[in-house]
Amino acid sequence: MHEIRPPGNVKRTLPARKRIALVAHDGKKEELLEWVARWQETLAGHALIGTGTTAGRISHQLGLEVEGLMSGPLGGDQQIGARIAEQGLDLLVFFWDPFAPQPHDPDVKALLRLAALWNIPVACNPASADFLISSPWLGRDYEMNIPDAGAWVSSRTD
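Going by the working numbering, the first residue of the sequence shown is number 122, and it counts up by one from there.
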């Protein structure tokens, strides 16, 4: 029987210029836009990625460069998840709406699972996002542990 979890960890260094995903459910888009506006100067020094209309609105209304992916229900959550799994994302700011059932809730759960698995810092509301974006680690390299996926794959093919 194979081990379900990777047998160990390896080091990963988040670069000083972070790749930050900005995601919001419909009921939280205005709140995210207000938060981004407050932190606009700080966020401008990092690579921003967003899903669907969230990315478009941030770019259009605030003038920040944001790489736009698909809308969440159309696969944007999976695109963000793939970036996490490939170590192509460093922080996730995801304002999700606890009052509105989402038709793509399984996608959201999968995205948050990947963030937890790969040790990605996540903010789900303005307060946690304030703490995350004001961290002294934001503008410098940060070394962290992630699962040793290579060793896990090797152990499963032996």
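Note that CB positions come from ideal geometry on N, CA and C, so glycine has one too.
Quick one: what's got a C-beta closer than 8 Å to residue i's C-beta in the same chain, skipping five residues either side?
| i | result |
| --- | --- |
| G173 | G189, L190, M191, S192, G193, L195 and G197 |
Output yes or no for whether 9 Å exceeds the beta carbon distance between residue i and residue j.
| i | j | result |
| --- | --- | --- |
| L259 | H167 | yes |
| T163 | I241 | no |
| L232 | Q199 | yes |
| N266 | K139 | no |
| T134 | Y263 | yes |
| G129 | P268 | yes |
| P247 | E155 | yes |
On the DSSP letters alone, give me the boundaries of the beta strand (DSSP E) that residue i sits inside.
| i | result |
| --- | --- |
| I241 | Element bounds for I241: n/a, residue is neither H nor E. |
Note the first and the last residue of the continuous alpha helix (DSSP H) segment covering residue i.
| i | result |
| --- | --- |
| P247 | P247 to I254 |
Going by beta carbon distance, what residues of the same chain come within less than 6 Å of residue i, once the five residues before and after it are set aside?
| i | result |
| --- | --- |
| I170 | A142 and E188 |
Excluding sequence positions up to five away, which residues of its chain have a Cβ less than 7 Å from the Cβ of residue i?
| i | result |
| --- | --- |
| G202 | A231, L232 and L235 |
| A206 | L235 and W239 |
| S256 | none |
Answer yes if the segment 140 to 159 comes into contact with the segment 207 to 227, meaning at least three C-beta pairs across the two stretches below 8 Å, and no otherwise. With contact defined as three or more Cβ pairs closer than 8 Å, the segment 207 to 227 and the segment 140 to 159 are in contact.
Restricting to runs no shorter than 4 residues, where is the alpha helix (DSSP H) found entirely within the segment 161 to 212? Note on the segment 161 to 212: whole alpha helix (DSSP H) runs with a minimum of 4 residues are 161 to 164, 173 to 183 and 197 to 206, in chain order.
What beta strand (DSSP E) runs, 3 residues minimum, are completely inside the segment 123 to 156? With a minimum length of 3 residues, the continuous beta strand (DSSP E) runs that stay inside the segment 123 to 156 are 130 to 135 and 140 to 145.
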